[in-house]
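One structure is given below, encoded as C-alpha coordinates.
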Amino acid sequence: MKSEREKLVEKHKQLNQTDNAKVISHVQREEKDSDWVRHTIMLEGIDVPFIYRRKQQYQSLKGARVNVTYYRHVEDVAGIEFETMKVVRIKRS
286 MKSEREKLVE
296 KHKQLNQTDN
306 AKVISHVQRE
316 EKDSDWVRHT
326 IMLEGIDVPF
336 IYRRKQQYQS
346 LKGARVNVTY
356 YRHVEDVAGI
366 EFETMKVVRI
376 KRS
(Lines of atoms letter the chains of each structure in order from A and count residues from 1; the text may use other names and numbers.)
(Lines give C-alpha, C1' and ligand atoms only; values in the text may rest on other atoms or scores of the structure.)
Protein backbone atom coordinates (compact mmCIF):
# COMPACT_ATOMS: atom_id res chain seq x y z
CA MET A 1 0.00 0.00 0.00
CA LYS A 2 1.39 3.40 -1.02
CA SER A 3 1.81 6.21 1.46
CA GLU A 4 0.23 9.64 1.00
CA ARG A 5 3.63 11.05 -0.02
CA GLU A 6 4.18 8.39 -2.70
CA LYS A 7 0.71 9.02 -4.13
CA LEU A 8 1.37 12.79 -4.36
CA VAL A 9 4.75 12.40 -6.06
CA GLU A 10 3.37 9.84 -8.52
CA LYS A 11 0.37 12.02 -9.42
CA HIS A 12 2.35 15.28 -9.85
CA LYS A 13 5.54 14.64 -11.83
CA GLN A 14 7.18 18.01 -11.00
CA LEU A 15 6.79 17.45 -7.27
CA ASN A 16 9.99 16.66 -5.33
CA GLN A 17 10.59 14.96 -1.99
CA THR A 18 13.44 15.33 0.51
CA ASP A 19 13.51 13.05 3.56
CA ASN A 20 15.23 13.41 6.93
CA ALA A 21 16.72 16.84 6.15
CA LYS A 22 18.04 18.96 9.04
CA VAL A 23 16.59 22.48 9.39
CA ILE A 24 19.35 25.03 10.01
CA SER A 25 17.13 28.14 9.96
CA HIS A 26 13.41 28.81 10.45
CA VAL A 27 12.00 32.35 10.14
CA GLN A 28 8.34 33.30 10.62
CA ARG A 29 7.02 36.66 9.36
CA GLU A 30 3.53 38.13 9.18
CA GLU A 31 2.60 39.10 5.62
CA LYS A 32 1.46 42.66 4.94
CA ASP A 33 -2.29 43.18 4.56
CA SER A 34 -2.96 39.50 5.28
CA ASP A 35 -3.79 37.05 8.07
CA TRP A 36 -1.07 34.68 6.90
CA VAL A 37 2.33 33.96 8.42
CA ARG A 38 5.12 33.23 5.93
CA HIS A 39 7.53 30.50 7.06
CA THR A 40 10.98 30.27 5.48
CA ILE A 41 13.29 27.36 6.26
CA MET A 42 16.81 26.55 5.14
CA LEU A 43 17.93 22.93 5.01
CA GLU A 44 21.44 21.62 5.61
CA GLY A 45 23.38 21.22 2.36
CA ILE A 46 20.81 23.12 0.25
CA ASP A 47 21.33 26.82 -0.59
CA VAL A 48 17.72 27.52 -1.63
CA PRO A 49 14.98 28.71 0.79
CA PHE A 50 11.86 26.60 1.30
CA ILE A 51 8.74 28.75 1.75
CA TYR A 52 5.23 27.98 2.98
CA ARG A 53 2.35 29.87 4.60
CA ARG A 54 0.19 29.12 7.63
CA LYS A 55 -2.54 31.03 9.46
CA GLN A 56 -0.52 31.21 12.70
CA GLN A 57 3.01 30.97 14.04
CA TYR A 58 4.23 27.51 14.97
CA GLN A 59 6.96 26.08 17.12
CA SER A 60 10.40 26.65 15.59
CA LEU A 61 11.76 23.80 13.47
CA LYS A 62 15.40 24.89 13.86
CA GLY A 63 17.54 21.81 14.47
CA ALA A 64 14.70 19.39 13.67
CA ARG A 65 14.74 16.72 10.97
CA VAL A 66 11.90 17.05 8.46
CA ASN A 67 10.40 15.38 5.40
CA VAL A 68 9.50 18.01 2.79
CA THR A 69 7.40 17.73 -0.38
CA TYR A 70 7.86 20.77 -2.64
CA TYR A 71 7.84 22.37 -6.09
CA ARG A 72 10.74 24.35 -7.58
CA HIS A 73 9.67 27.98 -8.09
CA VAL A 74 11.54 30.81 -9.85
CA GLU A 75 10.66 34.46 -9.12
CA ASP A 76 11.82 37.38 -11.24
CA VAL A 77 12.65 40.39 -9.03
CA ALA A 78 14.02 43.50 -10.76
CA GLY A 79 15.25 41.42 -13.68
CA ILE A 80 17.06 38.89 -11.48
CA GLU A 81 15.83 35.32 -11.11
CA PHE A 82 15.54 33.94 -7.56
CA GLU A 83 14.98 30.25 -7.02
CA THR A 84 12.79 29.15 -4.11
CA MET A 85 11.03 25.95 -3.18
CA LYS A 86 7.27 26.09 -2.59
CA VAL A 87 6.44 23.62 0.18
CA VAL A 88 3.32 21.51 -0.26
CA ARG A 89 3.79 19.25 2.76
CA ILE A 90 6.18 19.31 5.70
CA LYS A 91 6.41 16.81 8.55
CA ARG A 92 8.90 16.12 11.29
CA SER A 93 10.90 12.93 10.66
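Start counting the sequence shown at 286; every next residue gets the next number (my numbering).
Built from N, CA and C at the ideal position, the CB exists for glycine as well.
Please read all numbers here as calculations on a predicted model, not as lab measurements.
When the options are compared against residue i, the one with the closest alpha-carbon
i    : options             : result
F335 : I365, E291 and V353 : V353
Same chain, Cβ closer than 7 Å to residue i, neighbours up to 5 away in sequence not counted
i    : result
K371 : I336, Y355, Y356 and H358
Buried versus exposed call for residue i [16 or more other C-beta atoms within 10 Å across all chains shown]
i    : result
I365 : exposed
V362 : exposed
H297 : exposed
Contacting residues, own chain, Cβ-Cβ under 8 Å from residue i (five flanking each side not counted)
i    : result
K347 : V308, I309, S310 and H311
Between the CA atoms of residue j and residue i - distance to the nearest angstrom
i    : j    : result
Q316 : K292 : According to the sequence shown, residue 316 is Glu rather than Gln. So the two alpha carbons sit approximately 32 Å from each other.
R338 : R377 : 17 Å
E329 : S319 : 30 Å
N305 : I326 : 14 Å
V373 : W321 : 16 Å
Sequence-distant residues of the same chain with beta carbon closer than 6 Å to residue i, five excluded per side
i    : result
I349 : It should be noted that the sequence gives Ala, not Ile, for residue 349. The answer, listed in chain order, is V308 and R377.
E360 : F367
Next item on the list: Could you name each continuous alpha helix (DSSP H) segment of 4 residues or more that falls completely within the region 321-355, going from the start of the chain to the end?
Entry: none
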